Amino acid sequence: MIPALPAAELEPLCNPALAARLPTLAAAMDAATMAQHLQRALFSGSPSRVIACGRPRAVLDGDSCALQYPVTLLGSDGAALQLPVLAEVFATAEAARDMHDTLLGPLSEEWGRIDIAQLTWSAALGELRMACSVFPVSAALPQLVRVLAPGYLDALLQSSLRDTEIRVESDELVVLRRTRGCVLRVRIEGREPRTAYAKVGYAAYGGAAADALAQLRSGPVTPALRLPEVLGRDDALDVTVLAELPGTRPDLRTDAEQMVGAAARCAALLHASRVEGAPHRTLHDEVARASDAVDRVAPYAPAVSSWLRDVLHDAESAAGGGEEAPVFCHGDLAPSQVLLHEGVPAILDFDKCCSAEPALDLGRYLAYLRFALAKAGDPRSDPLAKGFLRTYETAGGTVPPAARLSAYETVALVRMAARSWLQLKPQRLRLACDVIARRL
1451 MIPALPAAEL EPLCNPALAA RLPTLAAAMD AATMAQHLQR ALFSGSPSRV
1501 IACGRPRAVL DGDSCALQYP VTLLGSDGAA LQLPVLAEVF ATAEAARDMH
1551 DTLLGPLSEE WGRIDIAQLT WSAALGELRM ACSVFPVSAA LPQLVRVLAP
1601 GYLDALLQSS LRDTEIRVES DELVVLRRTR GCVLRVRIEG REPRTAYAKV
1651 GYAAYGGAAA DALAQLRSGP VTPALRLPEV LGRDDALDVT VLAELPGTRP
1701 DLRTDAEQMV GAAARCAALL HASRVEGAPH RTLHDEVARA SDAVDRVAPY
1751 APAVSSWLRD VLHDAESAAG GGEEAPVFCH GDLAPSQVLL HEGVPAILDF
1801 DKCCSAEPAL DLGRYLAYLR FALAKAGDPR SDPLAKGFLR TYETAGGTVP
1851 PAARLSAYET VALVRMAARS WLQLKPQRLR LACDVIARRL
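In my numbering, the protein residues as written are 1451 to 1890.
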């Protein structure tokens, strides 16, 4: 179990230091209160009205907190429409107004010339020390207003696929990350109708990931592993369009063995692929990334951050200095990244691919597997982890030394715990800390 830590440090929204730094954050996290504020600020001139506002997703970053509200509007025709409203809470009203006036306001004007809906696309709410906007007006991804402008995706795909008959008939928001990155599902019509995904704000697809995928697709792994196909890329706006991969994610509750087996085979294939040119990552790099997240928690929760820092130090020390020979790694391997279709696995999201020791992929996967099992109340963590490594070895991989594997796993869990604090998720924070404590 986790050590005795101050209760206020495990409950971000009850944290006195956070309340002192961002005194309006508690009100901004109240969905009922925000439904009224957003109606007045953004939709008072619209025939639509806010009928529901969900609790926002949050990311604390320095002297501000980025928020994303799921808002439901009722249109004049009686139809309900769901859309995200993006916001950022600052320490001062002046900072909120400055963000709006310098960034959101100009973006709103640009998008307002494209979409003439009768709403206010952005606003500064002085009483909440907040700047807010309606998707696609985004401070984190200002290029979205151009990506979603009529004809942009058509032109991108027509040029890259050399097919002037291509048309993007619809786009649907799938993921909008709180600080960066957006994924849109698009329906492409033409000679070969298909579904694809447009990723905005994933710069790696313009370099290492695209090169790695090209090498993988021309190598021997493709019959046994389905890979993303890049349909188009615009480096200027950081947009990549990827063909949809067939398959579904195995259900952890009913297909856990199948799920970990598929992931192990994927890892073994990638590690044996000899892809060249991916950026190098080391255990020290991973510790530094986790330490950065822990450091951002420290001003609010010194006891939690001190414990996490000690766990990091002990894990790195126990691993020793003997780095294993680097291989091509996915870099972000987790249960959610692997699909299965007719027995053949597919693997998603190569934007964090790298050259690293195999323990990076394997340890990260085990961290997320153990967390998912703990969340589901499933006690099979150890046997499934052993099965994952056994299948990896059977598929041709060499299982790393236990200390190296454990270090990467622990580092991933520590970063998860710190990020859970910064995302104001007390239950996820406690669970991640509990999984860490059980691994010590």
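Positions of the beta carbon are idealized from the N, C-alpha and C atoms, including for glycine.
Here the structure is a predicted model, which means the values were calculated and not measured.
Proximity to residue i [Cα-Cα], best of the options
i: Gly-1793; options: Ser-1856, Ala-1751, Phe-1493 and Gly-1697; result: Gly-1697
i: Gly-1504; options: Thr-1483, Ala-1589 and Ser-1498; result: Thr-1483
i: Ala-1567; options: Ala-1867, His-1550 and Gly-1495; result: Gly-1495
i: Met-1709; options: Ala-1491, Tyr-1842 and Glu-1560; result: Tyr-1842
i: Lys-1825; options: Gln-1608, Leu-1879, Val-1861 and Arg-1563; result: Leu-1879
i: Arg-1579; options: Leu-1607, Ala-1476 and Val-1535; result: Ala-1476
i: Gly-1640; options: Gln-1608, Ile-1501 and Val-1849; result: Gln-1608
i: Ala-1516; options: Gly-1772, Leu-1874 and Ala-1882; result: Leu-1874
i: Val-1744; options: Leu-1575, Ala-1530 and Ala-1868; result: Ala-1868
i: Ser-1558; options: Cys-1632, Asp-1527, Leu-1591 and Glu-1577; result: Leu-1591
i: Asp-1604; options: Asp-1684, Glu-1736, Ala-1589 and Gly-1631; result: Asp-1684
i: Ile-1797; options: Pro-1643, Met-1479 and Ala-1714; result: Ala-1714
i: Pro-1497; options: Ala-1530, Ser-1756 and Leu-1468; result: Ala-1530
i: Pro-1534; options: Pro-1462, Val-1584, Ala-1502 and Glu-1577; result: Val-1584
Same chain, Cβ closer than 6 Å to residue i, neighbours up to 5 away in sequence not counted
i: Leu-1816; result: Ala-1835 and Glu-1859
i: Thr-1777; result: Inspection of the sequence shows that residue 1777 is occupied by Val rather than by Thr. If we look at Val-1777 and ignore the five residues flanking it on each side, its Cβ neighbours are His-1721 and Pro-1808.
i: Pro-1586; result: Leu-1594, Val-1595 and Leu-1598
i: Ala-1712; result: Val-1788, Leu-1790 and Pro-1795
i: Arg-1854; result: Ala-1769 and Ala-1809
i: Arg-1820; result: Ser-1831 and Val-1885
i: Ala-1491; result: Ala-1573 and Leu-1575
i: Met-1866; result: Ala-1882
i: Val-1633; result: Val-1624, Val-1625, Tyr-1647 and Lys-1649
i: Leu-1823; result: Ser-1831
Alpha-carbon spacing of residue i relative to residue j, whole angstroms
i: Pro-1876; j: Lys-1802; result: 27 Å
i: Gly-1770; j: Ile-1886; result: 20 Å
i: Ala-1753; j: Leu-1863; result: 17 Å
i: Arg-1507; j: Leu-1488; result: 16 Å
i: Leu-1872; j: Arg-1676; result: 35 Å
i: Cys-1779; j: Val-1624; result: 26 Å
i: Ala-1891; j: Asp-1828; result: Since the first and last residues shown for the chain are 1451 and 1890, residue 1891 lies out of range.
i: Gln-1532; j: Leu-1839; result: 43 Å
i: Trp-1561; j: Cys-1582; result: 15 Å
i: Tyr-1519; j: Gly-1847; result: 44 Å
i: Ser-1805; j: Arg-1731; result: 6 Å
i: Asp-1799; j: Glu-1774; result: 24 Å
i: Ala-1765; j: Leu-1719; result: 28 Å
i: Thr-1690; j: Ala-1662; result: 15 Å
i: Tyr-1652; j: Gly-1631; result: 6 Å
i: Arg-1759; j: Leu-1455; result: 14 Å
i: Asp-1782; j: Glu-1736; result: 12 Å
8 Å Cβ cutoff, residue i in contact with chain D
i: Ser-1610; result: Absent from the structure: chain D. Only one protein chain is present.
Unbroken alpha helix (DSSP H) run spanning residue i, endpoints
i: Gln-1877; result: 1876-1889
i: Ser-1610; result: 1602-1611
i: Arg-1471; result: 1466-1471
i: Asp-1745; result: 1733-1747
i: Ala-1718; result: 1706-1721
i: Gln-1665; result: 1658-1667
i: Phe-1821; result: 1809-1825
i: Met-1549; result: 1543-1549
i: Pro-1534; result: Counting along the chain, Pro-1534 falls outside any alpha helix (DSSP H), though it belongs to the beta strand (DSSP E) covering 1530-1540.
i: Leu-1855; result: 1852-1872
i: Pro-1833; result: 1831-1844
7 Å Cβ shell around residue i - same chain, five flanking residues per side excluded
i: Ala-1658; result: Gly-1727, Ala-1728, Pro-1729 and Cys-1803
i: Arg-1499; result: Gln-1489, Phe-1493, Leu-1523 and Leu-1524
i: Ser-1514; result: Glu-1538, Val-1539 and Phe-1540
Own chain residues within Cβ distance below 8 Å of residue i, not counting five before or after
i: Asn-1465; result: Ala-1458, Glu-1459, Tyr-1750 and Ala-1751
i: Val-1761; result: Thr-1860, Val-1864, Ile-1886 and Leu-1890
i: Arg-1746; result: Leu-1510, Asp-1511, Gly-1512, Ala-1868 and Leu-1872
Where the beta strand (DSSP E) through residue i begins and ends
i: Phe-1493; result: First-last for Phe-1493: undefined, no H or E at that position.
i: Leu-1790; result: 1788-1791
i: Asp-1511; result: 1507-1511
i: Gly-1847; result: First-last for Gly-1847: undefined, no H or E at that position.
i: Asp-1439; result: Any property of residue 1439 remains undetermined from this structure, which presents the chain solely from 1451 to 1890.
Inter-stretch contact (C-beta, 8 Å, three-pair minimum) for the region 1611-1619 and the region 1532-1551:
no
Do the region 1814-1832 and the region 1671-1688 meet, that is, are 3 or more Cβ pairs less than 8 Å apart?
no
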